[in-house]
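For what it's worth, the numbering used here labels the leading residue of the sequence shown as 845, then goes sequentially.
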Amino acid sequence: MKISFLTVGRTDAGWVREGLETYISRLGRYVPFSLTEIPALKNASSLTRAQVKEKEGVLILKNIKPSDRVILLDEHGKEFTSEGFARELESMMAQGGKDIVFVTGGPYGFSEDVYRRCDGKLSLSRMTFPHQMVRVVFAEQLYRAFTIMKGEPYHHE
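Encoded structure:
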C-alpha cells in the first residue's frame, strides 16, 4: 500500500517546495509516498470556470487507478483534529488492498466526474488557503498522523 498526493499546478514558490520536500522525505520512513503535480492548463484565461474544472478533472482522473481510494481535499469535506485524522488514516490503511490518493484541485475546485469518483472528502480548515500552501499543510498533517500512530513525540496534545 502506498499513499500519493496529486495536485493541480506546479509547486513554484521556493519556500513551499522546500517545506513540501521536508515532509515528503520524512514520510518515506513510514510509507511509500509520491507527489504528482499535474501541470496547470495552458490558456486557462480563455476558458470558463466550468471548462477549467472539466479539463482539470480529465487530467486528475487519468492519474487515478480504478483500485485507488481517492480522498479529495475539499472545503466541504470532513474536518478532523490531528488525532482524529491519524485514526481515520489508520482505519483506511487497515482495510488494505488499495493505494490512497489524496487530491487537491485547481482554484475552482473539482469537476462532477471527480466528485463522483472520490471515496471521501477531507477539509483542512474552514479557512481558505492558497493552493500551494495547502500542499505543505497537508504534507505536515500526514507526517503528524504517522507520528501519532507510531506514538512518537512530534505531536503534543
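For each residue, glycine too, the CB sits at the ideal point set by N, CA and C.
query	result
8 Å contact criterion, which L933 and F982 should meet: CB distance rounded	That pair is no contact at about 12 Å.
Distance CB(Y867)-CB(L966) smaller than 9 Å	no
CA-to-CA distance, L905 to K886, given in whole angstroms	18 Å
Boundaries of the beta strand (DSSP E) in which R970 is found, first to last residue	No beta strand (DSSP E) holds R970; DSSP gives it neither H nor E.
Residue burial classification, K938 (beta-carbon count within 10 angstroms, cutoff 16)	The displayed chain sequence assigns Ala, not Lys, to residue 938. Exposed, because fewer than 16 other Cβ atoms sit within 10 Å of the Cβ of A938.
Buried or exposed by the 16-neighbour rule on C-beta atoms within 10 Å, applied to K909	exposed
Contact under 9 Å by Cβ, S878 with I847	yes
Three-state secondary structure assigned by DSSP to K922	strand
First and last residue of the uninterrupted alpha helix (DSSP H) at F795	No statement about residue 795 is possible, as the shown extent of the chain runs from 845 to 1001 and does not include it.
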